[in-house]
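Structure record follows, encoded as C-alpha cells.
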Amino acid sequence: MSERRDRMLWRRMDWVLFAVMVALAVASVAFIFSASYRGPGQPMPLFYRQQLIWFVAGLALYLVVMVVDYRLICQWATVWYALAVVALVLVLVFGVKVYGARRWLGWGRFGIQPAEMAKLAVIVTLAYYLFHRTPDQRRHWSTIAGAWMWTGVPFVLILVEPDLGSAFTLVPIVFGMLFLAGARVKQLALAGLLGLCLTPVAWWHMKAYQRERLTVFLNPNRDPLGAGWNLNQSLIAVGSGGLTGKGFLQGTQNSLGYLPRTVAPNDFLFSVIAEEKGFVGSACVVGLYAVLLARGLRIAASARDRLGLLLATGIVVMLMVHVFVNIGMTIGLMPVTGLPLPLLSYGGSFVLASMTALGLLQNIWIHRRHY
Amino acid sequence: MIASDAMFRLRILGGIITGGLMVLWLALFRIQVLNAEVYGSREQAQSLRRIRLPPSRGDIVDRHGVVLAQNRPSYDVVLYLDQLRSSKRQDIYRLASSHLAVLAEVMNRPVTLTEREIRLHDQRRRPLPLTVWRNLPPPTQAAFAERAAQLPAVDLIATPVRHYPHGALAAHLLGFVGQAEQPDEADAEDYYYHQADTVGKQGIEKTCDEALRGAPGGRTIRVNPSGRCVGEVGYKPAERGDRVTLTIDVNIQRIVENALDHAPLSGGAELRGAAVVLDPRNGEVLAMASRPTFNPNLFTPGAPPEEVALLLRNPGSPLLNRATGARYAPGSIFKPISLLAMLESGRVKVGDTVDCRGSLQIGNRSFGCWHRQGHGRVDALAAMRQSCDVWFYEKGIAAKVDNIAQMAIEFGLGQPTGFDGGSETAGLVPTPGWKRIHYGDRWWDGDTAQMAIGQGFLLTTPLQMACVAAALANGGTLWRPFVLRRIETADGTLVSERKPERRRTIFSSHLEFVRQAMLEVVEAPNGTGHRAAVPGLRVAGKTGTAETDIRVDGAVRRVKRAWFIAFAPFEAPQVALAVVFEQGEGGGHTAAPVAGRILADIFGRREGHGR
C-alpha cells in the first residue's frame with residue numbers, strides 16, 4: 001500500500017517545477033561564488049559553500065513538506081501561526097542587532113530571520129481561515145477585517161524590527177488571497193485606499209535611513225557617493241553587462257568592490273548575474289521565474305479544493321513580490337528594501353522558506369483533483 | 372471543486388504577474404541592450420585610469436658621436452599613497468606623515484613634503500608615486516636598500532633626468548630643458564593622470580624639441596572605489612626621442628671656449644662676448660660659444676631653485692646666446708664689405724690714395740681716424756692693413772651709401788641668417804630711407820662715413836659676421852649656417868639629414884684683392900691683426916673696434932666692442948670665425964690673439980702661439 005503510494009507520488013510530481021528550482025539553486029551557488037571571488041589565489045569568503053548547505057537542508061524540508069498532505073499541515077495552522085508570532089516576539093527581545101535592525105534570532109554561528117518564516121505561516125493561516133468561511137461570508141467586510149486581524153499581528157511585529165520590505169510583502173499576499181477567496185473588488189479597493197491613508201503615519205514613524213532610501217529611489221543621483229551608491233553601482237553593473245555579459249568571474253563591479261561586498265551575494269546577486277551574463281542571462285533568470293510562477297498558477301487552478309487554491313495563490317504572490325521587488329530594486333524600478341531573490345540570494349532563512357513554499361506547491365499538485 | 376469565478380480571478384492574477392514580468396524584461400532590455408554603452412562608459416570612467424608615460428628624451432651628439440646631452444637615472448624615493456590606506460575613513464595626511472616620520476628617522480634625512488602637497492597628490496593622482504626625495508647619491512641609495520626598502524608603500528625608483536656630461540660646454544647652443552607647463556588640451560582629456568613631459572626651453576633642445584621628445588606611452592589601470600590600483604589593463608611603452616647629430620666638433624668647441632675664457636681683457640672689464648667657428652665650405656657651425664655662460668644641468672628637476680633664480684637675475688644675462696642673439700656695431704671688420712662695395716661701384720680704384728692726417732672734416736664735423744697721428748698717404752691695401760678710417764670716410768662718401776648698404780645686404784647683414792640652432796636677431800643695415808622713417812632726418816655724408824667704417828647705425832651679430840668671413844674665405848658663397856646635421860631614431864633609422872644650403876653667391880672680380888688685403892692684416896708686421904698670426908698657417912683676418920655708449924646703472928659708459936674675423940688656411944680655407952668682446956681694448960689687442968689661439972689649436976700649431 002505505502003509502496004504504491006510512493007510510486008504514485010514520484011509519478012505525480014511536477015518535475016518542471018523541480019527542475020526550475022534546481023536550476024536556480026545551481027545558479028545561486030555559482031554566482032555567490034562569483035560575487036565573493038577576488039581574483040586568482042585571493043582568499044575569499046565561503047558563502048557559496050554555506051548556501052550549498054542551506055540548499056541541502058532545504059531539500060530535506062522540501063521533501064517532508066511535499067509528502068505530508070497539505071490539508072493536514074493546514075489543520076495545524078494555528079500552531080504555525082503561534083510559533084511565528086512567538087519567534088517574532090523573541091527576535092525583538094533577544095534578536096541580534098545588524099545595521100540598526102533586530103531581524104536575526106541566533107544560536108551561536110547560525111541565525112534565522114523569523115520574518116521569512118512568518119510570511120509562510122501567514123499564508124497557511126489565511127488559507128485555512130478563508131477556506132473555513134462560507135462563500136457568503138467571503139463576500140462580506142468581516143472576512144477582510146478577519147484576514148487583516150490575522151495578518152496584523154505579525155505585520156506590526158515585523159514592521160517594528162524594523163523590516164519594512166518583509167512587512168509590506170504581506171500586503172499583496174493578503175489582497176491576493178482575499179481576491180481569490182472571492183472578496184468583492186470594490187471592498188478590496190476601499191481597504192487598499194484606507195491603507196494608503198495610513199502611509200503618512202508610516203512615514204512619520206520611519207527611521208532616517210528608511211526615508212533616505214525612499215528619497216534616493218525617487219532621485220538616485222541626489223547623493224551618488226552616499227545613499228545612492230548601491231543603486232547607481234547596481235545600475236552600472238547591470239547596464240555594463242550589455243547583451244552577453246562580461247563572462248563568469250569577469251564582473252568588475254563586484255570584484256573591485258564598486259558593488260559593495262556586503263550586498264553583492266545577497267540583495268544584489270541579480271546585478272552580479274546581469275553583469276557577468278548580460279541581458280541573455282538576466283532575461284533567462286526572469287524566464288525561470290516566469291516558468292516557476294506559471295507552474296504555481298497552474299497548480300492553484302488544478303488544486304483539489306479551495307484550500308489548495310488559496311495556499312498556492314499565497315505562495316505565488318509571495319514569490320512574485322520578492323522577484324519583482326528585488327530585481328526592480330537592482331534596476332531602479334523599486335526602492336532599496338533588501339528583499340531577497342527567491343532561491344538565488346544568499347541567506348538561509350529565505351532559502352528554507354522558499355523551498356518549503358515550493359514543497360507546498362508540489363504537495364498541492366500531487367494531491368490535485370482527478371479528472 | 373473550483374468555481375469558474377475563481378478561475379477567472381486566477382487568470383486576472385496571472386495577467387498581473389505576466390505584466391510584472393514583462394516590465395522587468397523590458398526594463399532589462401532598455402538598460403542592458405539599448406543603454407549598454409552609457410553604463411559601460413560609466414563603468415570605465417569610474418574604474419579605469421589612463422596614465423601617460425612620458426617618453427625619454429633623445430640624445431644630442433656632436434659630429435663625431437660624442438654625447439653632449441643624454442639622460443641619466445635619478446634615484447628617487449617615492450611613497451605610494453594608494454597602498455598606504457586600508458580604509459576609506461583614515462585621514463591620508465596623518466597616515467602619510469606618520470609613515471614619512473618613520474622613513475625620515477630610518478634614513479636620517481628630513482622630509483620636506485607639505486600637507487598641501489600630500490593632499491593634492493592624494494586627490495589628483497593617487498595611483499602615481501609621490502616623490503619624497505629626488506636624486507639620492509649612491510651611499511644613500513645603499514642605506515635605503517639596507518634600512519628602508521622593507522617599509523610598506525615605499526620604493527626607490529629610477530626616473531630619467533636630462534644630463535649634460537660636459538657641463539657648461541656649448542650650453543647656449545644646446546639649451547636646457549624644463550617641465551612642460553600645461554598639459555595639452557587633448558592630452559588632459561585622454562589621460563586622467565598626467566605626468567609632465569620634459570620640454571626644451573632654449574637652443575637645440577627647443578628647436579629640435581619635437582624630434583627629441585619622442586612619443587608618450589600609456590598605461591591603463593583598473594582602480595577600486597578607494598582609488599587603489601588593482602591591475603593593469605593595457606600598456607604601451609613610450610617611444611624614445613630621436614638622436615640629433617650636430618655639426619659641432621667637441622674638440623673645436625672646447626678650444627673656442629677655452630680661448631674665450633683666457634681672453635686678454637684689461638682689469639675691470641667683464642668677460643662678455645661670443646665666438647662662432649664655421650666651415651666655409653658648407654656653412655656648418657663647428658663651434659659656437661657665448662660668455663658669460665651657465666650650467667644647463669642646473670635646470671634639471673630637484674636643482675636648488677635659488678641658483679636658478681640667481682642665474683635669471685644676473686645682469687650679464689648668462690642665458691643669452693650672444694653669438695646669435697646680441698647685436699653689436701661691427702666696426703672695422705665691416706671694411707672688407709665696404710671696400711668691395713666701393714670697388715664694385717666703379718667710383719673707387721684700388722690705387723686711389725688718401726692722405727690720412729688723423730681726422731677728416733665732413734661738413735662742420737671732424738671725423739677722427741683711430742690712429743690720431745694719421746697714417747700718411749695710404750692706398751686701399753694700406754688702408755685695409757692698418758684699418759685707416761680716413762681713407763674709408765672719403766672713399767665711402769665717394770662710393771655712395773646705397774652701394775655700401777646693398778653690399779652689406781648681399782653678405783646677409785640686416786636679416787636673420789636662418790640658423791637652425793636657436794633664436795637670432797636680424798641686426799640692422801641702415802639706409803637713407805630707414806633714417807628718414809626712424810629719425811625724421813636726412814642722410815648726411817657723415818652717416819655714410821660712419822657706415823663705411825662699420826659704425827653709426829649698423830648692427831650685426833657674431834654669427835652674421837662669421838658668415839661674412841666664410842663668404843670671403845670661399846670666394847663669395849654665402850652659406851646658410853646650420854648646426855643640425857642629422858636626425859635618426861633611437862635605433863638608428865635616418866629621419867632627416869641636412870644638406871648645405873647656398874644663400875647666394877657674390878660675384879666680384881675684386882674679392883681676391885680684399886682677401887689679399889685681409890691676409891696682409893695678419894701677416895704684415897704693421898697689420899692691425901698681427902696678433903692673430905699662427906706660425907706655419909696662413910691666416911687672413913680683419914680687426915674691428917667699435918666704440919659704443921652703454922648704460923650701466925644709469926650712467927653712460929663708453930666701451931669698445933673688440934672684433935676679429937678670420938679664415939684659414941688662406942689658399943684653401945677650412946675654418947672661418949668671428950670673435951667679439953663687449954668690453955675690450957680693441958680688436959687687435961683683445962680679439963685677434965683669441966682668434967689666433969683658436970686657429971692655432973684647431974690646426975695643431977699651439978707651440979709658439981699663446982701660452
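Those sequence lines, one after another, are chains A and B.
Residues in the first sequence are numbered consecutively from 1, following this note's numbering.
Residues in the second sequence are numbered consecutively from 372, following this note's numbering.
C-beta atoms are modelled at their ideal positions from N, C-alpha and C, and glycine is treated no differently.
Since the structure is predicted, the reported quantities are computational estimates derived from the model, not experimental observations.
If you draw a straight line from the Cα of H960 (chain B) to the Cα of R611 (chain B), it is about 49 Å long.
In the DSSP assignment, the residues bridged to P444 (chain B) are B:P531.
Taking 8 Å as the cut-off, the beta carbon of P172 (chain A) is found closer than this to the beta carbon of V321 (chain A). Contacts with chain A at 8 Å (Cβ-Cβ) include E414 (chain B). In the DSSP assignment, the residues bridged to Y606 (chain B) are B:R590. Straight-line spacing of the CA atoms in H132 (chain A) and T143 (chain A) works out to 11 Å. With its beta carbon less than 8 Å from one in chain B, L235 (chain A) belongs to the interface. Boundaries for T695 (chain B): no beta strand (DSSP E) harbours it, while the alpha helix (DSSP H) harbouring it runs 693-696, taken from the DSSP string. Each of B:R480, B:V950, B:L395 was checked against the Cα of A290 (chain A), and the nearest Cα belongs to B:L395. Taking C-beta separations shorter than 8 Å and ignoring five residues to either side along the sequence, the partners of L540 (chain B) in its chain run L439, V621, Q624, R625, E628, following chain order. Residue pairing by DSSP places I388 (chain B) opposite no residue, since no beta bridge is assigned to it.
With respect to L583 (chain B), F279 (chain A) sits apart: the two C-beta atoms are not nearer than 8 Å. Chain-order list of chain A residues neighbouring I422 (chain B): empty, with the shortest C-beta distance near 18 Å, by a criterion of under 7 Å. Inter-residue distance for F379 (chain B) and F179 (chain A) is about 11 Å (C-alpha atoms, whole angstroms).
For F952 (chain B), the three-state secondary structure derived from DSSP is strand. Across the segment 391-403 of chain B, CB contacts with chain A closer than 8 Å involve G391, L392, V394, L395, W396, A398, L399, F400, I402, Q403, in sequence order along the chain. Considering only A:L90, A:A237, A:G296, A:L120, the residue with the shortest C-alpha distance to G111 (chain A) is A:L90.
According to the DSSP secondary-structure assignment, A700 (chain B) is paired through a beta bridge with no residue. Looking only at B:W805, B:A888, B:R643, the smallest Cα-Cα distance to P833 (chain B) is reached by B:R643. For the pair R599 (chain B) and P498 (chain B), the Cα-to-Cα distance works out to about 6 Å. DSSP places I327 (chain A) inside the alpha helix (DSSP H), whose first and last residues are 306-330. For K806 (chain B), no beta strand (DSSP E) encloses it; the enclosing alpha helix (DSSP H) starts and ends at 803-810. For N406 (chain B), the chain A residues whose Cβ falls inside 8 Å of its Cβ are G239, in order along the chain. The three-state secondary structure of K119 (chain A), taken from DSSP, is helix. Legend: CB atoms of the segment 589-606 of chain B lying less than 9 Å from CB atoms of chain A belong to residues R593, V594, N595, P596, S597, V601, G602.
Residues of the segment 322-336 of chain A with a Cβ closer than 9 Å to any Cβ of chain B, in chain order: V323, F324, I327, G328, I331, G332, L333. Closest option to L471 (chain B), judged by alpha-carbon separation, among B:W850, B:R420, B:Y446, B:A524: B:A524. F935 (chain B) counts as buried, since at least 16 other C-beta atoms from the protein chains shown sit within 10 angstroms of its C-beta. Following the DSSP letters along the chain, one finds T262 (chain A) in no beta strand (DSSP E), marked with neither H nor E. Using a CB distance cut-off of 8 Å, V286 (chain A) counts as an interface residue toward chain B. Among the residues of the segment 247-266 of chain A, those with a Cβ less than 8 Å away from any Cβ of chain B are T252, Q253, L256, G257, Y258, in the order of the chain. Minimum Cα-Cα distance from I315 (chain A) among the listed residues A:T330, A:N326, A:D305, A:R295 corresponds to A:R295.
At a C-beta separation below 8 Å, T313 (chain A) has these neighbours in chain B: L381, L384. Annotation: the segment 451-514 of chain B contains the following complete segments of the alpha helix (DSSP H) (minimum length 4 residues), in chain order: 452-455, 463-478, 486-495, 509-514.
Per the Cβ contact rule, the segment 867-880 of chain B is not in contact with the segment 683-699 of chain B (fewer than 3 Cβ pairs under 8 Å). Going by C-alpha positions, E603 (chain B) is about 35 Å away from L24 (chain A).
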